[in-house]
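Asks: All residue numbers for the sequence shown refer to numbering that gives the first Met the number 0, where the first residue is 0 and numbers rise by one. Ideal placement from N, C-alpha and C gives every residue a C-beta, glycine not left out.
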Amino acid sequence: MTDTVWDAEVIFSLRRSKVRRTVLAYLVSVYPKYSYISEIARETELRINEVCGALNGSSNRYKKESSLVELGLVEKEEREG
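Laid out in structure tokens, this is it:
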């Protein structure tokens, strides 16, 4: 994928979703610290399912290919336990 196409997809994804913008802004504000989904939801006053959708995509409202993780804007780290 060329940089121009990638940039356009990122811009389109962020312009289309206030939730994605809010989640990304929060994560940028706490960087380099990691944050749990529940913490993101609490601090941004969003629902957990909205945060999950913005980060990973969901079948109903958020397309996976437009998610913050899929676009490479956010790294996902899973922990055991």
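(1) How would you call residue 58, buried or exposed, if buried means at least 16 neighbouring beta carbons within 10 angstroms?
(2) Determine the burial state of residue 39: buried for a count of at least 16 other Cβ atoms within 10 Å of its Cβ, exposed for fewer.
(3) Does DSSP classify residue 72 as helix, strand or coil?
Replies: Well, looking at it:
(1) Taking the sequence shown and counting its residues from 1, the one referred to as residue 58 is at position 59. Classification for residue 58: exposed.
(2) What you label residue 39 is simply residue 40 of the sequence shown in a count that begins at 1. By the neighbour-count rule (16 or more Cβ atoms within 10 Å), residue 39 is buried.
(3) The residue labelled residue 72 in the question sits at position 73 within the sequence shown. Coil.
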